[in-house]
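For the sequence shown, this note's numbering gives the first residue as 86, with consecutive numbering after it.
For each residue, glycine too, the CB sits at the ideal point set by N, CA and C.
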Amino acid sequence: MASNSQKTIEVLLACAYFAGAEVLFRMTKGALAYEASKYLVIVFMVMGMFFKGLNGKGYPYFLYLILLVPAILVASTTLSFDARFRTNIAFVLSGPVCLGVAALFCYDRKVTNKQLLEIITYLALPIITTTTYLFLYNPSIKDTLSGTASNIATSGGFGPNQVSTILGLGIFAIVVRLFLKSPSMFVKLLNLTILGAMTFRAIVTFSRGGVFAAIIVVAAFLWTIFYRSSGKQRNKIFGLFIFVLFVVICLFSRQGQAQDIKPKQLKIVFIAYENPDQLVEDVKPIVAYLKETLNMDIKHFIATDYAGVVEALRNETADMGFMGSLQYVLAHDMAGAYPILGEIYKGKSTYMSKIFVHKDSGITDVKDLKGKTIAFVDPVSSSGYMYPLDIFKQKGLIKNKDNAEKFFRRIYFAGGDEQALRAVLNKFVDAAGIGQYSYNLLNFDERDTILSIAESSPIPSHCVVVRKNLHQPTVEKLQEALFNLNNEPNRHLLKYLYSVDGYIKVNHDNYLSVEELAREYGFLKKK
86 MASNSQKTIE
96 VLLACAYFAG
106 AEVLFRMTKG
116 ALAYEASKYL
126 VIVFMVMGMF
136 FKGLNGKGYP
146 YFLYLILLVP
156 AILVASTTLS
166 FDARFRTNIA
176 FVLSGPVCLG
186 VAALFCYDRK
196 VTNKQLLEII
206 TYLALPIITT
216 TTYLFLYNPS
226 IKDTLSGTAS
236 NIATSGGFGP
246 NQVSTILGLG
256 IFAIVVRLFL
266 KSPSMFVKLL
276 NLTILGAMTF
286 RAIVTFSRGG
296 VFAAIIVVAA
306 FLWTIFYRSS
316 GKQRNKIFGL
326 FIFVLFVVIC
336 LFSRQGQAQD
346 IKPKQLKIVF
356 IAYENPDQLV
366 EDVKPIVAYL
376 KETLNMDIKH
386 FIATDYAGVV
396 EALRNETADM
406 GFMGSLQYVL
416 AHDMAGAYPI
426 LGEIYKGKST
436 YMSKIFVHKD
446 SGITDVKDLK
456 GKTIAFVDPV
466 SSSGYMYPLD
476 IFKQKGLIKN
486 KDNAEKFFRR
496 IYFAGGDEQA
506 LRAVLNKFVD
516 AAGIGQYSYN
526 LLNFDERDTI
536 LSIAESSPIP
546 SHCVVVRKNL
556 HQPTVEKLQE
566 ALFNLNNEPN
576 RHLLKYLYSV
586 DGYIKVNHDN
596 YLSVEELARE
606 YGFLKKK
């Protein structure tokens, strides 16, 4: 057991170690539970408070923690019907609570320079292990590097963003030790070797946030000690600055070459409108067709919400995705993604949203829904949110998205068209704002109990979108391969792509009306 004078430093050492080990635990599936490190940090900090007490001046952090409680109440009214309430709340709030508890414990506690360097060492040790794991237990960089998109293969099979971030933190820790705790030439060379290894592995994740964050904090650290150092120390700082500058130049030069590199693998994200497990089976013939036609490896995965598809294109963990028109304009605005094909469904390249109610409700007009409940599909859905809202705006019943909260008694997001429609069918809500073809998801006898009372303006059909900087010849081959499904002998494969009738070639101009509406409703910033 630690002595009373050592309890503070022992808590900080334990927290630093588990903070550095978080990504390693997740990457190797070695944690007792998902995000175990955050919970352990909270436990250690609470133990420290029990033994060492608190500073009475830290009350603002108590207030911060208390102000997190309303988030639970808000979530209880906005999570979808099938969401796991406890899991979602824990996932969202564990980080802020961890920060608040840590701030509360650390407020006005003094540590010496020697102790601070020891804390940084404990933080760096598991990150060094993570770097070693990436070198020893992952495929060759030469075999897996095909461009400058975020690369999960070079990130230990785990999220490139998280790996890049933890390596960036490790880079900072090693730089601190290099300048403040390297008493011999051997230790200096060892730290430089570790720094080079971490920097290399951070760069090849091609998730640049962690690298840029490391550059910023290292620069701030060097700037701080530069004016407190002798001439000799300043020369060392200048040398490291040249090294960092070289890293930045390499990073940007690789980015400029992105479109010239043919990917060895095409990553496709599909959106699951209904059963994700069924979709996994349905798309296999399409994946096989593209693999043969493009003569390249195809990796595909399923997203269960629209935001997941947009995020995959934004983070470059997907090269191509299937999405609605609103998700496309968001992906275009955030990441420069662009469409190559638009769907034809039921013989048309457009469709509408409708407001459905139960026939027994007595509701015959949208104005009757004032003070009632309504279910939409998803906050970033065109046919399942934005266009249904526009129906009410065109009728003069609401002014904008925020104003809708006052018109309805409560708004739900069901997570899917069928879920929203069945909420009406089971009289859980008074109405549903969804795409017109959602009606077909019900059984024939169920359809007789549902009534449409309003419809929106035409919406461009869902589209096939590719990420910015994808190898242009590959984009052209992909477009032709899918467009050729309109004709025999492969036309039968369309039934595996959401049962569409075919595709038309499109560009961004086809979605300007959606973009304008998205700006009007606050999904995009107004120009």
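Pairwise C-alpha distance: residue j and residue i
{"i": "methionine 283", "j": "asparagine 276", "result": "10 Å"}
{"i": "valine 96", "j": "methionine 130", "result": "7 Å"}
{"i": "alanine 101", "j": "lysine 123", "result": "11 Å"}
{"i": "lysine 384", "j": "valine 126", "result": "37 Å"}
{"i": "glutamate 68", "j": "leucine 375", "result": "This structure gives no information on residue 68, because the portion of the chain shown stretches from 86 to 612."}
{"i": "aspartate 418", "j": "tyrosine 312", "result": "43 Å"}
{"i": "leucine 563", "j": "proline 211", "result": "43 Å"}
{"i": "threonine 278", "j": "asparagine 246", "result": "23 Å"}
{"i": "valine 462", "j": "proline 473", "result": "10 Å"}
{"i": "asparagine 592", "j": "lysine 431", "result": "21 Å"}
{"i": "threonine 217", "j": "leucine 109", "result": "11 Å"}
{"i": "valine 302", "j": "serine 249", "result": "14 Å"}
{"i": "phenylalanine 135", "j": "asparagine 488", "result": "47 Å"}
{"i": "aspartate 502", "j": "isoleucine 538", "result": "17 Å"}
{"i": "leucine 219", "j": "isoleucine 256", "result": "15 Å"}
{"i": "phenylalanine 513", "j": "isoleucine 440", "result": "15 Å"}
{"i": "glycine 393", "j": "threonine 458", "result": "27 Å"}
{"i": "methionine 270", "j": "glutamine 350", "result": "44 Å"}
CB contact flag (residue i, residue j, <7 Å)
{"i": "tyrosine 436", "j": "glutamine 521", "result": "yes"}
{"i": "aspartate 367", "j": "tyrosine 588", "result": "no"}
{"i": "glutamate 428", "j": "serine 546", "result": "yes"}
{"i": "tyrosine 413", "j": "tyrosine 596", "result": "yes"}
{"i": "isoleucine 356", "j": "methionine 405", "result": "no"}
{"i": "alanine 517", "j": "leucine 510", "result": "no"}
{"i": "proline 464", "j": "cysteine 548", "result": "no"}
{"i": "glycine 185", "j": "tyrosine 146", "result": "yes"}
{"i": "glycine 253", "j": "alanine 299", "result": "yes"}
{"i": "glycine 133", "j": "phenylalanine 190", "result": "yes"}
{"i": "leucine 411", "j": "serine 446", "result": "no"}
{"i": "asparagine 426", "j": "leucine 567", "result": "In the sequence as displayed, the identity of residue 426 is leucine instead of asparagine. In contact: leucine 426 and leucine 567 (Cβ atoms closer than 7 Å)."}
{"i": "valine 442", "j": "leucine 536", "result": "yes"}
{"i": "leucine 579", "j": "valine 585", "result": "yes"}
{"i": "leucine 153", "j": "leucine 178", "result": "yes"}
{"i": "threonine 534", "j": "lysine 610", "result": "no"}
Per DSSP, cross-strand counterpart(s) of residue i
{"i": "lysine 580", "result": "DSSP lists no partner for lysine 580."}
{"i": "aspartate 382", "result": "Gln350"}
{"i": "methionine 408", "result": "Cys548"}
{"i": "alanine 516", "result": "Val442, Ile459"}
{"i": "isoleucine 429", "result": "Gly587"}
Helix, strand or coil at residue i [DSSP, three-state]
{"i": "valine 354", "result": "strand"}
{"i": "aspartate 487", "result": "coil"}
{"i": "glutamate 120", "result": "coil"}
{"i": "threonine 217", "result": "helix"}
{"i": "phenylalanine 271", "result": "helix"}
{"i": "valine 462", "result": "coil"}
{"i": "isoleucine 448", "result": "coil"}
{"i": "tyrosine 524", "result": "helix"}
{"i": "histidine 547", "result": "coil"}
{"i": "alanine 539", "result": "strand"}
{"i": "threonine 435", "result": "strand"}
{"i": "histidine 417", "result": "helix"}
{"i": "arginine 494", "result": "coil"}
{"i": "alanine 499", "result": "coil"}
{"i": "tyrosine 312", "result": "coil"}
{"i": "lysine 590", "result": "strand"}
{"i": "tyrosine 391", "result": "helix"}
Cβ-based burial, residue i [other Cβ within 10 Å; buried from 16]
{"i": "serine 315", "result": "exposed"}
{"i": "glutamate 531", "result": "exposed"}
{"i": "glycine 607", "result": "exposed"}
{"i": "glutamate 401", "result": "buried"}
{"i": "tyrosine 497", "result": "buried"}
{"i": "glycine 456", "result": "exposed"}
{"i": "threonine 309", "result": "exposed"}
{"i": "alanine 304", "result": "exposed"}
{"i": "leucine 554", "result": "It should be pointed out that residue 554 corresponds to asparagine in this sequence rather than to leucine. Label assigned to asparagine 554: buried."}
{"i": "arginine 286", "result": "buried"}
{"i": "glycine 105", "result": "buried"}
{"i": "phenylalanine 493", "result": "buried"}
{"i": "tyrosine 391", "result": "buried"}
{"i": "isoleucine 476", "result": "buried"}
{"i": "phenylalanine 386", "result": "exposed"}
{"i": "glycine 409", "result": "buried"}
{"i": "aspartate 167", "result": "The predicted model places aspartate 167 with a pLDDT of 45, which falls under 50 and marks its position as unreliable; any figure quoted below should be read in that light. Aspartate 167 comes out exposed."}
{"i": "serine 438", "result": "buried"}
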